[in-house]
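Trainee: What follows is a structure written as structure tokens; I'll ask about it next.
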Amino acid sequence: GAQIFADGGLDYLGNPSLVHAQSIVATLITQVVLMGLVEGYRINGGPAGEGLDKNYPGEAFDPLGLADDPDTFAELKVKEIKNGRLAMVAMFGFFIQAIVTGEGPIKNLQDHLADPTVNNGFAFATKFAPGNL
Numbered sequence: 014g015a016q017i018f019a020d021g022g023l024d025y026l027g028n029p030s031l032v033h034a035q036s037i038v039a040t041l042i043t044q045v046v047l048m049g050l051v052e053g054y055r056i057n058g059g060p061a062g063e064g065l066d067k068n069y070p071g072e073a074f075d076p077l078g079l080a081d082d083p084d085t086f087a088e089l090k091v092k093e094i095k096n097g098r099l100a101m102v103a104m105f106g107f108f109i110q111a112i113v114t115g116e117g118p119i120k121n122l123q124d125h126l127a128d129p130t131v132n133n134g135f136a137f138a139t140k141f142a143p144g145n146l
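Using our numbering, you'd call the opening residue of the sequence shown number 14 and step up by one each time.
What follows is the structure, given as structure tokens:
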């Protein structure tokens, strides 16, 4: 994660010819544009959206038939939205953590497990207190 901030950027699988990411902003913009195009295609009647509620999955996205019961389907929709929001908050936390520490989430976890009293969010937050600047 933090390698994207390095001088050479981030090479996925160590191969610069696959995906060479040098800017987190460019990566974010690319992700938003691509997901917007896919969702727009689905909502406007693409093959995965024919005859369905345009805002919720089903049919091809439900091969096990988990949403056949309307009550269960309503509950699963709420669970999916909540899980998606939780995942977005978690990713935002990873991004902020990488920006503040300059390290990726695995390295930060290893540092925290090695010395939990020194490597934690409170310790980083107190570095910005007026008396410590």
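Ideal Cβ positions, reconstructed from N, Cα and C, are used throughout, including at glycine. Just so you know, these numbers come straight off a predicted model, no measurement behind them.
1) Could you pull the start and end residues of the alpha helix (DSSP H) that residue 97 belongs to?
2) What's the gap between the Cα of residue 133 and the Cα of residue 84?
3) Whole angstroms are fine: how far does the CA of residue 87 sit from the CA of residue 81?
4) Tell whether a beta-carbon distance below 8 Å holds between residue 135 and residue 114.
5) Measuring straight from C-alpha to C-alpha, what distance separates residue 112 and residue 95?
6) How long is the line joining the alpha carbons of residue 108 and residue 39, rounded to whole angstroms?
Mentor: This is what the structure holds:
1) 83 to 114
2) 43 Å
3) 10 Å
4) no
5) 26 Å
6) 14 Å
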